[in-house]
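S.K.: So the sequence shown is residues -19 to -1, 1 to 93, counted in mature numbering (1 follows the signal peptide of the UniProt record, and there is no 0).
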Amino acid sequence: MNKLMTVAAGLLLSTSAFASNVTLHNDTTVTTSSFATKAEALDAGLSVAQNLSDMSQNELRIQLPVNAYQNVNNISIDNTKVKVEEFAQVRGEVQYRAIVDVDYHFDAKESR
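1. Which of the three DSSP states, helix, strand or coil, is assigned to E91?
2. Quick one: grab the DSSP three-state call for E40.
3. Ends of the beta strand (DSSP E) at Q51?
4. In the DSSP assignment, find the unbroken alpha helix (DSSP H) run with L45 in it and report its ends.
5. Helix, strand or coil, according to DSSP, for L(-8) in the structure here?
6. Comparing C-alpha positions only, which one of A89, H6, V11, T10 sits nearest to V53?
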């Protein structure tokens, strides 16, 4: 009887240590440096979006905030949107920067 209870307790503890894979959806923004014209900022933002789409899994792992998760795999960009922001650090000197909104998903281990 003691052996049976020991085996049952061991199985209960070992199954609770297993982890499962989950798909997580996330979003982030990437901001470019400043430009003198709106067209230059838009072009830079579109280049950032294209570069993200062309990146390998390892490059995406570095560029996107996934490091809080364990065993990240299958990172995929779902959507990117580019908008241009007008700003001034000094009165009368308007500058532009692109803000790229990135929606993505990835698989990760969920520990219990």
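Glycine included, every Cβ here is placed at the ideal spot set by N, Cα and C.
M.R.: This is what the structure holds:
1. strand
2. helix
3. 51 to 69
4. Here L45 belongs to no alpha helix (DSSP H), and DSSP marks it neither H nor E.
5. Note that L(-8) scores a pLDDT of 49, beneath 50, so its modelled location is shaky and nothing firm can be said.
6. A89
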